[in-house]
Structures are given as structure tokens and as C-alpha cells.
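S.K.: Input: one structure, supplied below.
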Amino acid sequence: MDTKGYFGNWGGAFIPEILHETFEQLKISYAEARKDPAFWQEYLQLMGSYSCRPTPLTYAENLTKHFGGAKIFIKREDLNHTGAHKANNVMGQGLLVKKMGKKRVIAETGAGQHGVATATMAAKFGFECTVYMGEVDVQRQRPNVFWMEKMGATVIPVKDGSRTLKDAINEAFRDWVTNVDSTHYVFGTACGPAPFPEMVSWFQSIIGQEAHKQILEIHGRMPAKIYACVGGGSNAMGIFQGFLGKDNVELIGVEAGGKGLHSGQHASRLCGNDATPGIAQGYKTMFLQNDEGQMLETHSVSAGLDYVGVSPILVDLWEQKKVRFESATDAEVMEALDLTMKMEGIIPALESAHAFVQAFKEAPKLGKDEAIIINQSGRGDKDIFTIAHAFDDPSWKQFIIDRAKEYDK
Amino acid sequence: MDTKGYFGNWGGAFIPEILHETFEQLKISYAEARKDPAFWQEYLQLMGSYSCRPTPLTYAENLTKHFGGAKIFIKREDLNHTGAHKANNVMGQGLLVKKMGKKRVIAETGAGQHGVATATMAAKFGFECTVYMGEVDVQRQRPNVFWMEKMGATVIPVKDGSRTLKDAINEAFRDWVTNVDSTHYVFGTACGPAPFPEMVSWFQSIIGQEAHKQILEIHGRMPAKIYACVGGGSNAMGIFQGFLGKDNVELIGVEAGGKGLHSGQHASRLCGNDATPGIAQGYKTMFLQNDEGQMLETHSVSAGLDYVGVSPILVDLWEQKKVRFESATDAEVMEALDLTMKMEGIIPALESAHAFVQAFKEAPKLGKDEAIIINQSGRGDKDIFTIAHAFDDPSWKQFIIDRAKEYDK
Amino acid sequence: MLLENTIRNKRQEKDILLMTHIVLGYPSFATNRKVVAQMVENGVDCIEMQIPFSEPMADGPVILKANQESLAQGTSVKECMAFGAEMAAEYDIPFLFMTYYNIVYKYGEERFFKDCQKANIQGLIIPDLSPEMGENFFKLATTYQIAPILIYAPTSTNKRMASLNRSANGFIYCAARRGVTGTKSSFDEDFDTYLARCKAATTLPLAVGFGIQDRADVASLTGKVDMAVIGSQTIRLVDEKGPEAVGPFIAGLR
Amino acid sequence: MLLENTIRNKRQEKDILLMTHIVLGYPSFATNRKVVAQMVENGVDCIEMQIPFSEPMADGPVILKANQESLAQGTSVKECMAFGAEMAAEYDIPFLFMTYYNIVYKYGEERFFKDCQKANIQGLIIPDLSPEMGENFFKLATTYQIAPILIYAPTSTNKRMASLNRSANGFIYCAARRGVTGTKSSFDEDFDTYLARCKAATTLPLAVGFGIQDRADVASLTGKVDMAVIGSQTIRLVDEKGPEAVGPFIAGLR
Ligand SMILES: Cc1ncc(COP(=O)(O)O)c(C=O)c1O
Ligand SMILES: Cc1ncc(COP(=O)(O)O)c(C=O)c1O
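Residue numbers (the working numbering), protein chains in the order written: chain F, 1 to 409; chain U, 1 to 409; chain Y, 1 to 254; chain X, 1 to 254.
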């Protein structure tokens, strides 16, 4: 990150003046934390005792045999407390908030995963917590709303715009400019105004650090390829950082191909030709927008990848050809999910399953002595409503209908 | 365990002759495994790379302050793969099945937790898998059924008897006597005919071994008390074994008090006066049964504690006064759950919340320099249907009704 | 010794004996009465009467359901005992009780044996109780001269059979196959090998049960063993056609 | 220089100037036309016209909704430009564009400035673009002589205000409080301290906006600052009572 928050041509901080000072403070606190080895130690300690880091690197023996190529390893972020890598970022920011002396946190959430993680962190740290969530997502992800509320957070359904993630972000910013003195905005991914992309990536780098060490221990040398799904880009940045600059390790980001790259119903920013450079939500990146700069509606089976922008750091790495981007369609995702459950007894989140799709396409082409790592950013059992729905499971539908009859009296 | 499978006056193996030989083989394989340090190493390795053991021991700082007494530590079995301690037992038995060369596993399940764990293990090990589940439980726990099926298991709803856990056990035995050559019955808790109570407890002892080491590291000495919920008794045996025989460590098992010990609607075997010695489901223990030896219907808000029998090893320890038994009512459980979510950002399973109830009652009476450990056997987010229902959450109900409308066309 | 002798004597007269099974209190004691009458009249040699238990682990769907319905109607062990006494007084064939160990245990083992003796019950089949687990039970069986019937299974090793034989009395119940009661068995070569092993292990008479459903099944056992056991099939018959159907069915088996 | 001079000159004649706000294309350009006419006729001194953006991060619910509905009707930047040109040609007061940076960026910065110049637009308010982030933008503003209006906030330090002042032109827009547009502000002691800080940091005229809703609000600013900004309030008025209500409302403010 340069002094203006840029990574190459991307990033920056496009924020209302009212937030200027709070960003200055945040940048200072963040810089101090980064310089202070004790801070990272405290962070590691917290993640080791409250979540279960290091998360394992699991050898997927059955999938490996099935595809007959490279050894497939899965980095198990699904085993984090709250079920996804989101916890890493949130707990890190929690420590920072404590340092800054603020007493209230806010967050946006799409899938609900980041909202649950933030509500959890707030409960743990004793902060007040408000989570903004698009009304459409509130309806889709009621279980997550339930847990957030149970952990003491206030969930505010956002009724503007497309009523999804990007609108929740706007609304969170509106809260922040109003309550800037008391409040920290816990941004959920490696996007937004500087220093968020770098800071979130820093907290997530714990994934890559562990994976680097683990693959050397198990495999004896560097893997050939690393796969991660890319919504905002935080889990991808997290694992990629452990391997960036290592020769012969190829990094592959997988975006939401939705109904196909040519369908107009996807959320692929770097893969495909639908995104163009733009500035919104506080930063410059490749956005899915029309010619006049109005953001488009996106589509993905996974709420967590269904976003118009992408981490400026990843765009920079993409321009530098250090990360390759691919996409996975909704249909491919359901297939990869099915195979992984049946062969390994592991349930990737719909988001994570995107990374599995691409890995499965490429594993057979690699030698048996090579290794690849898939970053399993989260667990899928949180997505029962979406997954059972997507599989069109008749007993599930009947179950819901019966339950509703009980309630609808 | 003596040569007949007894612990004091309890246990044994009351099985049809057709199973005699398979139990002989099982006892031999188990004895070999127990003698072979490499087996336990392989087990540790599996649990470290496929699940995320060691699971952390979390210091619950906010709850500690809230109650103003002993330091409260939580052993985080909820962070296991599949979300509960059940994985420990199941993976261990999986290794044993591999050793014995069998290719098919069966299991009973109540809450669905053990069924999901077994289906997961079967997918991982490449075994065929059938899970028996009371029809009532199939209806209550559809999400778990969905995941079992997705992992390739066949779930058979049991329509006999009370259509709950004990009937699923009977049905699993019927399958076993039919397919005894190919099949291993993965018993889910520290009950059933010998060697199951001891074997399951052995695999679960990983909890106590870790907790012992962890509390010494963090607290510097032994804890004053250990709390665990008791359904069949496997998670309790798991953690207790790390501290049995240590002076000044009191072990407390918490049973399902349901609507109260005097309501007749509970599942308390050792606490309360409703259970008597008996022999069923292959072993001798304290059963909730009538004067003639017919088993009674039990009740608990948590499906996993809702069982007529209890581990013979625990009954023996109870007779020896080495473990104290208490009970927690449904209402107390919901309250403890609520508090734990709000204060620590942790969601105990309904089963586990029973242990929290008793710990919360006793923590304030202990000195601030003392420590207690609560075994959090599982995570509650798997129980959304039960928990949201028990909290009588109106938005949850509306959500289900709306979903049903979508399906009911 | 009583039961074994009775069986040996009867076997002098017939090529194969028949033992039948009823679940007490299902569908009612009144029906039980009618069924037993029909059985005895049509030449059944021995009847096992199951005292229902809420957890009949070794039974298949037909008998399982019968157990549950009987209990749902409130059948008590005391009533079963009285019914047993009544039958044994009325008919001159051996009557046995079949049940699970918890019923005996809760009743009080010694009391159970005493009452069985009074009722003139000649044997007990407890499928979940092995000699190792039932030391006291087997002692009492000797004391009270009530035969503890043991089961051989195709999975039992020769050694195991020999060892069981040491505690057995009356006759040996050979389970025709793996599995629970109620589904058909096939009496093939493997079965013959198994039977040979059974015979080698004991001098007691042999009964074969599990899935014997018709005349052909009985015929294929005739000459090979002493007694064929008809279990679920008569219960099914009573369910479907009433107690009157039992007599002709039994009469047609030999 | 143009805009600053115009404001200074007008200020000679009035105790306080009024700037109003409209969202282009909402509810329609036709209504915009009527509203602007009423505003000008009733003495408004300056009008900021918002080009709608799909992500208006700094705007409150009223303006947010107006942005969305305008876009839903298909409002394009080109139309906004043309409308701006039409107004500037028709009325002799300064017209400004307010929008977010992406609109300018996607249009092409230089092209945007050129077209603004042609349209005789005198200033631009871009709340998400600071001088650090907009080097080229601020250069072009000088080249094309279109004032880049900068915002002071109560959270801005003195140093920050001084630094912003170096890039600002036309006037300084002082946000009356934290938060987004649309809710009422209170002009208390803290506010006076803040205003004093603003004045110390710049020699440019000062406008105050965010939550100014009535005559009393305007009165409390009179004598203290050069211009009061009425934002959401007129949009609400048009929503509720139609464009005709705007004239009397404006007339009653001073
Ligand atoms: C499990 C999971 N994976 C991935 C993502 C995508 O976010 P990111 O690209 O920042 O990792 C999300 C977002 O909600 C998520 O929940
Ligand atoms: C989370 C959890 N805890 C506890 C139990 C009770 O079993 P046990 O007493 O064997 O630990 C269950 C059983 O399903 C469970 O799922």
C-alpha cells in the first residue's frame, strides 16, 4: 500500500470528509499494531484459545484418488469458531477496537457470515453491535439473523437499492459518519477504503502462514497451485499471502460464474469482460457497473460472492499476472459440493465450493507427486436453507411445510 | 472393565448369541488397538488433521466476571469437525473398522449428531453406511437427515416403540444380527454391551487428556470442578478421565431435568429417584423403567440427553461417589444458553448447556483463584430449529411460514 | 431333565416335532386361548409364550409390533404367569416362556423361577442372556428344574457351541440363519454344514427356528432335526385371518 | 474565482444567501424545471443539482430514495448535463453539480469538466473525493475554472481545514454535524466553536448545510455564515405537496 492507500492503480480512500479524522486514527492504530510483535502474539493467542487455530490442512485422499492427479489438500477454515475465515478478520479488528478505546462496532453482512462473526466478537469483547444487512439477505438468511440477535446484536434490514450486500455497506457508512466518535466499522472483506483492504488481508494472512508451514511439514515442499474463492477477496488474500512470490506456486482466484459468464447473471469481476474500473464504496477497483458508473445487480448461488467489487490488492496482483482468475457456475458448484460431501465427509460453504470446482478441473492434469491446496473458507451446514433449496430436496421442502403448519395457527 | 465387561455391578454384554463371535472379534481388535501405541498415534494424527484437535480450552472472562467466583474455562468440543465430541468416538471406531476389514457401518442416532458424525466418517473411510433414527427424531431433525443423505448414508426412520433413540438402537441391533459379517455397529455413546462403554470412553478420553494439559498450562494447577452433561455419558467420560483420581477435582455430571425431577417428564437416571437397575439394549445400568421392566418415555428439550439408560461406568463412579450428579431443567437450559451467547459469543448445544447451568450455580461459591471447566460437547447452531422454537422467536416462525409458502405451490 | 425327556419321548412317535410361538396378550389373552387350543388340537408338541418387553432387540417386525401392542393394552408379567399356569394345567404338552432378561430380572430371578415352577412351565428362552452373563439364572434353572434353552447361531464357533452345551438343557434352539425372527430362511448346503456342527456339539435334541413358514420348510427339516419352530407366521395368520385359521395351518405342516 | 465572486457580490445585498438542492430526474426533469423556476423566482441564490448515483454513501434516506427512483426511470448523465446547461442558460444564478466521484470518473474527468464548462456550471461538489485522492480532478478544476467545493466537517481538525482550504474554491461547504443529509441539526455552542474554527481556516465564503429545515434555522445562521443550504427539505416538500409548494416555502425562509 502506498501512502495514499493504492496498490498499483487500485484502492485509495474515497471517503466523506467527516470520516477523514477517524481514518487517520485507524491508520495510526493499525500501523502501530503492525509494528508491534506483541500485538500479533496477542492475536495468535486469541485465535488459538477462542477459535481453534491453527486450523488443519486436511489431505483429501479420496478426492485425490478420484481425480488421479495432484495430491489435494484442504485448508480447513470451516473449523474456525463461527464456521468461516471471517472470524480471523473480525477478532483482529476487535483487538484493534479495544486498543482504540471505542465501545461500539458496526458491520455490513451479505450471507450473514460476517455479521455473525462480528456479533460474536462484540459479545466476547463487550462492545455494542449493529449489523446492516440487505432486506433480501435478511429474508434468505434468517438463521444468521437469529444468532446475531441472540448474541446481543441489533440487525437492521436495509431496504434501499438492491437490498443486498452493497446497500448494507452504504448504510453502514451512513451509521459511521453519524456515530464516528464512538464507533468502529468492522469491514468484512479486503475491500473498502484504505487501510481496510490491507488490514483485513493482514489479519487473514494467518491462513497462509499456517498453510505454508503445514504443507512443508506434510508434503515436504511447496504446492503447485492454491485455489481460493473470491468474493471481496479476504480469504483468497489470506491464503495467497503465504505463497506470494514463491516461484512455481500458482495462485488461482475463483469468482462466482452464476448462470454463466455470458448470461449477465454472475459476479465475476476479473474473469470475464463485464467489469470496468470505477470508484465506489470508498475505493477504486474493477466494478460490475454500466457505462455511466451505476452498479449492476449481480447473481450467485452463494450470497458471499455476490458482490459488485473486489479487493484492489487482488486487481493489482491480477494486473501483475501474479494471480490467475477463473469462475465457477452455480451448477458446477453444486456438483463439486456433492462430490466433496460424498467422498470426504466435508461440507464446504457454497462460496468455498467455487474453489473446489476449479481445483477439480486442474488436479487431473498435474503429476501425482505434486500438491495443490484448496482454501475451504467456510462450512456449508450454515447454508442448509440455500443448499437444500438448491438441491431441490423434496423431504426438506416437506419438512418446512410441516413446520410452517405448526406455526401458522 | 472386568473380564465379563462389568464396572462394579454395571455393564456386561447381554447380546443375542448371533453376535457373540463378532463381539469376540471386536474385543480382540479393541484390546490390540489399546495395547498398540501406534494406533493411538494414528488416531491423534487423524483427529489433528481431519478435525481440529486439540480443541481449545477457552477462558470465559465475561462469565467469570459476571458470576464473580471461580475462573470459568470451556473445553471447546463444539469446534470439532461436525460440531460435537461425537466425532472423536466415530473416527476412532472408523480406524478400528478399517483394521477389522469390515466395509459397512451402521449407527443409531437421536439428535442426529452421532448419525452425521458416522456418515461423515463413512464417507471419509469409504464405508457403506446406514443410520437408524426414530421417526419422531427424523421429523425434528430434518437438517441432519439431509446432511447424512448428502454424505451418502441411508437414513432409515424407525417407526416402532417411542420412535426415538432407544428404538433406533434396537433397530440397529436387528440390522447387525442380520449383517454381522460385513458390518460394524458404531455405537454412539458409552453405553451398550461391553466393550462399547469402555471403548467409546477410551476414544473420548482425548478430551480429558487435552484438558488436563491445557488447564495446567493456563491455570498452573488442577481445576476445582469439571462439569459435563450426561446423555449416554460419552462426553462426560471423555473429560472426566483426564481428572479421575486427582484429589480435589470434583466431577459433576448433569442430566436432563426436563420439566422437573418430579414431573415424570425428564431423563434423569442418577439424579432423582425414578430410575432402577435393569438390563436392556445389551447392558446393565440404571434405567428409567416401570416396576415390570418396561422402559418409560423420557423428555428433554435436548434430543441428545433424552435416553432411558446411562453409561455403566458412570453408574459405577456414582456408586463410588467419584462423580456427583445434578440435573438442569429445560427452562434453566434456555437461560444459560442465552447468557452464554450474549456474554461470550459462544453457542453451546442444548445438551452442553445443561453443564453450563450447574456450573453457573456453583461458580459464585468458589474462590477467584480457583478454576472450573465446562465441557462444551457441541455447538448449538445445528439446533436452530429446536432453539429458535424453544425461544419462541416470532421472526423465525414467520420465516418458516414464508418459506413454506414458496414450496407449497 | 423333564423337558428333554418329554421331547425325546414324543420324537419316538413323530418324524419331526412342532413348536409354535405366541405373544402373550396379543391381540388379547382371549385370542391367545383360542390359538393355543387350535395348536394343541392340531398336534403342536410344544409352545413358547413370549412375555412382552418394550425393547425386543432380537425380534423382527411382526413380533416386535405384537410386543408393543400387547404392552399398550397393559399386559403385565403377572397376567402372563397366570395364563401360562392355566395353559399348562389345561393341555398336556410342554409350555415355555420366552422373554428378555430384564423381565426376569425385575420380577426377581428366584421369584420368577418359583412362579414358573408353580405354573408348571418347563423351559425358558432368554435370547439376550448367555451363561456367562447369567450365572445365577442358570444355577436357579437347575435348582428349580426348569430348562434354560440356549441358542446356537450360524456364527457360533464349534468351541462356543460346546461351551454353551454345558449350560443348556431341554433342547438347543438353532437359529436357522443370521438376522431376526420373521423372514424366510433357505435350507441349503451351508445350512447342512451348520446343522452338522450343531449335532457334533451337543447330545440335546435340536430345534430349528427363524423363518419357518410352510410345509415345505418343515419337510426339509424332517429327519435332520427334532423340532421345527414356527414363530411369526402364526401371528401373521391370526392378524390376517383370525385364530380359526391356525388349526388348518398347523394341520397342513406335517 | 467566478463562483466566489458571484457569492461575495450577492452577499453584499443580502444578510444570508440560500442554496437549494435538487436530485435530477426526480420525480422527473419536468418537475425539476418547475421547482428550479420557483426557487429562482423566490430568491434562491445558488442551486446544487445532484446527478444520481446508485451508491450515494453520504446521503440520508430522502435523497437516497430520490437517487434510486431517478435511476429507475433511466436518468442518464447526459440528460443531467443538458438539463444543467438549460437552467444555467435560463437563470442568472450559479448552478453547481453535486454527485459522487464514479460518475465523473466514468464520464471521463476531462470530458466532464469540458461539458460542465460548456453548460456554464460553476462548481462541483463531490463528497467522496478529497484533494489527495483527486489530484487530476483538482488540476482540471483550475484549468476549466470550475470551483471544486470542499466540505468541512465538525470532525475536521484545524490542520485538516487549512490543508483542504488550499484546494478549495468558490466557497466552503460546512457540514453542520456528523451524519448524513436529512435530519435536523442544532446550532448550539459547539456549533459556534466549530464555525469559528472554519472561519479561521479559510478566507472563502462559508455555506452551512445538513438539516436546515426552516426560517428559524436560517435565522440562527444569519450573520454567522454566508449561505444556508436547504437539502432534503425541499425534496420532501415536493413529494408531499407538489412543486408549487416550493415557492412559498423558500419565500418564507428569510
Ligand atoms: C464462507 C465464505 N467464503 C468466502 C466469502 C467471500 O468473501 P471473501 O472473498 O472476502 O473471502 C464469504 C463471504 O461472506 C464467506 O462467508
Ligand atoms: C452435543 C451433544 N452433547 C451431548 C450428547 C449426549 O451424549 P453423551 O452423554 O454420550 O455425551 C449428545 C448426544 O447426541 C450431543 O449431540
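Think of the CB as a built atom: it goes at the ideal place given N, C-alpha and C, for glycine as much as any other residue.
Looking at the unbroken beta strand (DSSP E) that takes in C116 of chain Y, where does it start and where does it end?
M.R.: Unbroken run through C116 of chain Y is the alpha helix (DSSP H), E109 to A119; no beta strand (DSSP E).
S.K.: Of all the residues that make up the stretch 125 to 137 of chain X, which are near chain F by a beta-carbon distance shorter than 8 Å?
M.R.: The stretch 125 to 137 of chain X vs chain F, Cβ under 8 Å: P127, D128, L129, S130, E132 and M133.
S.K.: Excluding the 5 residues flanking T285 of chain U on each side, which residues of the same chain have their C-beta closer than 6 Å to its C-beta?
M.R.: Cβ neighbours of T285 of chain U beyond the five flanking positions: W10, G309, V310, P312 and V315.
S.K.: For ligand 1, is there a heavy atom less than 7 Å away from the beta-carbon of H299 of chain F?
M.R.: Checking every heavy atom of ligand 1 against the Cβ of H299 of chain F, none is found closer than 7 Å.
S.K.: Using 8 Å as the cut-off, can you tell me whether the stretch 42 to 50 of chain X makes contact with the stretch 215 to 222 of chain X, which would need three or more C-beta pairs spanning the two stretches below that distance?
M.R.: No, because fewer than three Cβ pairs between the stretch 42 to 50 of chain X and the stretch 215 to 222 of chain X fall closer than 8 Å, the two stretches do not touch.
S.K.: For the stretch 278 to 290 of chain F, which residues have a beta carbon sitting closer than 9 Å to at least one beta carbon of chain X?
M.R.: Hits within the stretch, in order: G278, I279, A280, Q281, G282, K284, F287, Q289 and N290.
S.K.: Could you compute how far the alpha carbon of Q68 of chain Y sits from the alpha carbon of R215 of chain Y?
M.R.: Answer to the nearest angstrom: the Cα atoms are 29 Å apart.
S.K.: Which residues share a DSSP beta bridge with S327 of chain F?
M.R.: The partner list for S327 of chain F (beta bridge, DSSP) reads F:E255.
S.K.: So N80 of chain U packs on F203 of chain U, CB below 8 Å; how close in whole Å?
M.R.: With a Cβ gap of about 12 Å, N80 of chain U and F203 of chain U do not count as contacting.
S.K.: Relative to the alpha-carbon of N144 of chain U, which residue among F:E362, F:S162 and F:I347 has its alpha-carbon at the smallest distance?
M.R.: Residue F:I347 is the option with its Cα nearest to N144 of chain U.
S.K.: For E297 of chain U, does the three-state DSSP call read helix, strand or coil?
M.R.: Correct three-state label for E297 of chain U: coil.
S.K.: Would you give the residue range spanned by the alpha helix (DSSP H) that P312 of chain F belongs to?
M.R.: Note, P312 of chain F: alpha helix (DSSP H), P312 to E319.
S.K.: For a test of the three-state rule: what should DSSP assign to V131 of chain U, helix, strand or coil?
M.R.: V131 of chain U falls in the strand class under three-state DSSP.
S.K.: Output the distance between the C-alpha atoms of E292 of chain F and I103 of chain X, rounded to the nearest integer angstrom.
M.R.: Rounded to the nearest angstrom, the two C-alpha atoms are 6 Å apart.
S.K.: Less than 8 Å between the CB atoms is what I'm expecting for T75 of chain X and L24 of chain X, so what's the real figure, rounded?
M.R.: At roughly 6 Å, the Cβ-Cβ gap stays under 8 Å, so T75 of chain X and L24 of chain X are in contact.
S.K.: Any idea what DSSP makes of R142 of chain U, helix, strand or coil?
M.R.: Helix at R142 of chain U.
S.K.: Listed in chain order, which residues of the stretch 156 to 179 of chain X have Cβ atoms closer than 7 Å to some Cβ of chain F?
M.R.: So the list reads S156, T157, R160, A175, R178 and G179, given in the order they occur along the chain.
S.K.: Can you list, in chain order, the residues of its chain with a C-beta nearer than 8 Å to that of H219 of chain U? Leave out the 5 residues immediately preceding and following it.
M.R.: Around H219 of chain U: K71, F73 and A371.
S.K.: List the residues of chain F whose Cβ lies closer than 9 Å to the Cβ of K342 of chain U, in chain order.
M.R.: Per Cβ cutoff of 9 Å: A123, K150, M151 and G152.
S.K.: Are the CB atoms of A355 of chain F and C229 of chain F within a distance shorter than 8 Å?
M.R.: Cβ atoms of C229 of chain F and A355 of chain F: closer than 8 Å.
S.K.: Measuring only the C-alpha atoms, how far is T130 of chain F from Q281 of chain F?
M.R.: Between T130 of chain F and Q281 of chain F, the C-alpha separation is close to 19 Å.
S.K.: Whose CA, out of X:Q73, X:I230, X:E240 and X:G211, lies closest to the CA of G252 of chain X?
M.R.: Ranking X:Q73, X:I230, X:E240 and X:G211 by Cα distance to G252 of chain X puts X:I230 first.
S.K.: Let me know the secondary structure DSSP gives R178 of chain Y once reduced to three states.
M.R.: The answer is coil: DSSP assigns R178 of chain Y none of H, G, I, E or B.
S.K.: Below 7 Å on C-beta distance, what does S185 of chain Y contact in chain U?
M.R.: Within chain U, no residue comes near S185 of chain Y; the closest Cβ sits about 12 Å away, beyond 7 Å.
S.K.: Inspect the CB distances between the stretch 13 to 22 of chain X and the stretch 233 to 245 of chain X and report whether three or more fall short of 8 Å.
M.R.: Short answer: they touch.
S.K.: Quick check: the stretch 325 to 335 of chain F against the stretch 15 to 33 of chain F, are at least 3 beta-carbon pairs closer than 8 Å?
M.R.: Taking 8 Å as the limit for Cβ pairs, the verdict is that the stretch 325 to 335 of chain F does not touch the stretch 15 to 33 of chain F.
S.K.: Among F:P193, F:F173, F:Y227 and F:A107, which has the Cα closest to the Cα of V186 of chain F?
M.R.: The shortest Cα separation from V186 of chain F among F:P193, F:F173, F:Y227 and F:A107 belongs to F:A107.
S.K.: If contacts are defined as beta-carbon pairs under 8 Å, then R76 of chain F and C52 of chain U qualify, I think. What distance do you get, rounded to the angstrom?
M.R.: About 7 Å; that satisfies the 8 Å criterion.
S.K.: Confirm the yes/no value for this check: CB of L305 of chain F, any heavy atom of ligand 1, distance under 7 Å.
M.R.: Because some heavy atom of ligand 1 lies under 7 Å away, the Cβ of L305 of chain F counts as near it: yes.
S.K.: Please confirm whether P348 of chain U has its beta-carbon closer than 8 Å to some beta-carbon of chain F.
M.R.: It does not: the Cβ of P348 of chain U has no partner Cβ on chain F nearer than 8 Å.
S.K.: Beta-carbon separation of A147 of chain X and P16 of chain F under 8 Å?
M.R.: Going by C-beta atoms, A147 of chain X is not nearer than 8 Å to P16 of chain F.
S.K.: Starting from T58 of chain U, find everything on chain C with Cβ-Cβ shorter than 8 Å and list it in chain order.
M.R.: This model lacks chain C altogether, as its protein chains are F, U, Y and X.
S.K.: I151 of chain Y touches chain U at which residues, Cβ-Cβ below 9 Å?
M.R.: Those within 9 Å of I151 of chain Y in chain U are P16, E17 and I18.
S.K.: Which residue from Y:L195, Y:R160 and Y:A245 puts its Cα closest to that of C174 of chain Y?
M.R.: Answer by Cα proximity: Y:L195.
S.K.: When you compare only the Cα positions, how much space is there between R269 of chain F and G60 of chain X?
M.R.: Cα to Cα, R269 of chain F sits roughly 29 Å from G60 of chain X.
S.K.: Identify, in the order they occur along the chain, each residue of the same chain with its Cβ nearer than 7 Å to the Cβ of A359 of chain F, setting aside the five sequence neighbours on each side.
M.R.: Closer than 7 Å at the Cβ level, and outside the excluded window around A359 of chain F, lie I72, Y227, I372 and I374.
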